[in-house]
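Quick notes on the structure that follows.
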Amino acid sequence: MSDFRSRQLKKNEKQTRRRERRSGRPFGEGKKEDSMPERLRRIAAEQKAVSDWLPLDNAALIFPASENADMSSMFRVGALLNEPIDPVELQYAVNEVVPRFPGLCATLKGGFFRYYLEPSATPLVVQEESEFPMRPIPLDTRHHMVRVLYYGNAVAAEFFHVATDGNGGIVFLNTLIACYLRRKGVFVGEGANCLDTRDRPRPEELSDSYKKVYDGKTKKDKRETKAYHMHGKKLPATMLAVIQGVLNADELNAAAKSRNLTVGELLTAVLAYAVDAERAFYMRGKNHPIVVNIPVNLRKVFPSETLRNFVAIMPVRVECGSDFETIEKTVREQFAHMRSEQYLRGYVNYNVNVEKNKLFVALPLPLKNVGMKAVLKLYSDRVTTTTFSNLGRIAAPKEFEGHVLRYDFYLGPNRCQLTNLCAAAYNNNVVLSFSRYRQETGVEKYFFRKLSELGVSVTLESNCEL
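Under full-length UniProt numbering, the sequence shown has 286 at position 286, and the numbering climbs by one with no breaks.
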């Protein structure tokens, strides 16, 4: 046993003895043991509260208005470890992480004119996963904007999108895993996408970076058109079906390179092809284009350390009935145009201008919500077929190797985007996750069949029958 592991385990035992004595339940006595949920709640009660409130960032403004029974504004990041999760040590790790993330470990409240985040009235308690993923998070002072779950060897964090984006979610998850591994006696040093919980939150981590990019000059590229929508029989409101394909990263990179595409471009093209193949199978009309929304991490274009939302959306449009080579060419050209700094700054300017609009500022919150719901229905839902969100290759501390096998990531679909796709790569594994709100699986079947034709082997997993 290493010196670090030995010292850490002795420290954990001493902490447990002190906590048990303070709670009136001496260590080692033969009293009736608490159930695991009760024990986790008792440990969570020692959490230090986050001490300040925060306004919502620009991208988060629409999410509270969009949350309802059949539409999710949530996402999930998870990791598969090489051994079963110890829920007690995970809860102690959560206690350590919560004060470091005041923008994530908070609750949503509504004022007279706008929503804001403030400390939750209750601690964040780890839960064993026993239901379908991404159950709605109630919007009240007793619930955080994040939920931490474990099951077997897996640990996951589910977020209401008000709190952060995928990048912030990965930083939170990595920091949590690092604290957990240290408590299990594994030395974890500094690394990418991982914060030191001994540090205080820095102002730049809590900043609204949209306003820093805003220049008020660059115009948005306006090309919105009504999009094709997938059809199908909806699943029950509490059920989210997930199909995951685990791929070899080297094979996927080789397939993309052979077609003069990036991995993101290839997967976008295959997704559009799969949606169109299902449309043709059911002989549905092709009057409207397939529009795949691609979230872009703006930190790669405009340097920022914020842990809050900082993404833009690229709507990639493909005409129905196109062959695969035409789809590839269309996707390549649109990616080149929309990844430019000018396009992304125009996107940011448009959204910040809406927030700065004097009428919008003066409206009371209930009227803002009515307006936001109308915008969501008439604009966002109308012009989108599906979303493909790609975290890319996830950076993590080098000590995670051998302990973290892979990551996964997926979004909650909504009433118009019945099927979405997400990707996360780590340790030469690429996990592609389809989350769907309908019974039909045609898009997934065409998608993975096409990848196999391109020479990429796929292992499928699902939380329901395929």
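Glycine included, C-beta positions come from ideal geometry on N, C-alpha and C.
The structure displayed is predicted, hence computed values, not measured ones.
Can you tell me whether residue i is helix, strand or coil according to DSSP?
i	result
residue 160	strand
residue 330	helix
residue 37	helix
residue 467	Nothing about residue 467 can be reported from this structure: the residues present for the chain run from 1 to 466 only.
residue 147	strand
residue 173	helix
residue 317	strand
residue 29	Unreliable positioning characterises residue 29 in this predicted model, as indicated by a pLDDT of 49, which lies under 50. A coordinate reading is not provided.
residue 465	coil
residue 335	helix
residue 361	helix
residue 284	coil
residue 181	helix
residue 382	coil
residue 309	coil
residue 167	helix
residue 121	coil
residue 277	helix
residue 54	strand
residue 128	strand
residue 396	coil
residue 71	Summary for residue 71: the model assigns pLDDT 47, below 50, so the residue's position carries little reliability; its value from the coordinates is reported in the next sentence. Correct three-state label for residue 71: strand.
residue 189	coil
What are the boundary residues of the alpha helix (DSSP H) that includes residue i?
i	result
residue 353	341-356
residue 491	This structure does not reach residue 491, given that the chain is present from 1 up to 466, and the question cannot be answered.
residue 375	365-375
Identify the continuous beta strand (DSSP E) that holds residue i and give its terminal residues.
i	result
residue 118	115-118
residue 137	Segment: none, residue 137 is in no beta strand (DSSP E) and carries neither H nor E.
residue 391	386-393
residue 80	74-81
residue 109	107-110
residue 291	290-297
residue 411	404-411
Alpha carbons only, please: which of the options is nearest the one belonging to residue i?
i	options	result
residue 412	452, 458 and 133	133
residue 410	186, 218, 376 and 166	166
residue 365	116, 38 and 59	116
residue 317	384, 368, 305 and 282	384
residue 264	334, 436, 43 and 367	334
residue 74	388, 161 and 142	161
residue 467	450, 434, 453 and 456	Because the chain is modelled from 1 through 466, residue 467 falls outside the range shown and cannot be assessed.
residue 114	360, 170, 138 and 437	360
residue 163	193, 109, 200 and 154	109
residue 45	124, 118, 172 and 148	124
residue 190	444, 454 and 398	398
residue 328	260, 276 and 390	260
residue 363	112, 149, 389 and 200	112
residue 137	456, 147 and 421	147
residue 464	187, 241, 224 and 456	241
residue 79	450, 430 and 442	430
residue 155	215, 406 and 440	406
residue 314	250, 353, 252 and 386	386
residue 39	175, 92, 150 and 57	92
I believe residue i touches residue j by the beta-carbon criterion, under 8 Å. Please report the beta-carbon distance rounded to the nearest angstrom.
i	j	result
residue 432	residue 127	That pair is no contact at about 26 Å.
residue 209	residue 302	7 Å
residue 272	residue 296	Rounded, the Cβ-Cβ distance is 17 Å, inconsistent with contact.
residue 394	residue 423	About 10 Å separates the two Cβ atoms, so there is no contact after all.
residue 231	residue 284	7 Å
residue 268	residue 294	6 Å
residue 82	residue 403	6 Å
residue 438	residue 233	6 Å
residue 103	residue 54	6 Å
residue 218	residue 339	Incorrect: roughly 15 Å between the Cβ atoms, too far for contact.
residue 205	residue 307	5 Å
residue 96	residue 106	Their Cβ separation, rounded to whole angstroms, is 17 Å, which puts residue 96 and residue 106 out of contact at 8 Å.
- Item | Inside the segment 191-274 only - alpha helix (DSSP H) runs reaching at least 4 residues | 209-213 and 249-258
- Taking the runs of the beta strand (DSSP E) that are 3 residues or longer, which of them lie wholly in the segment 416-462? 419-426, 429-436 and 458-462
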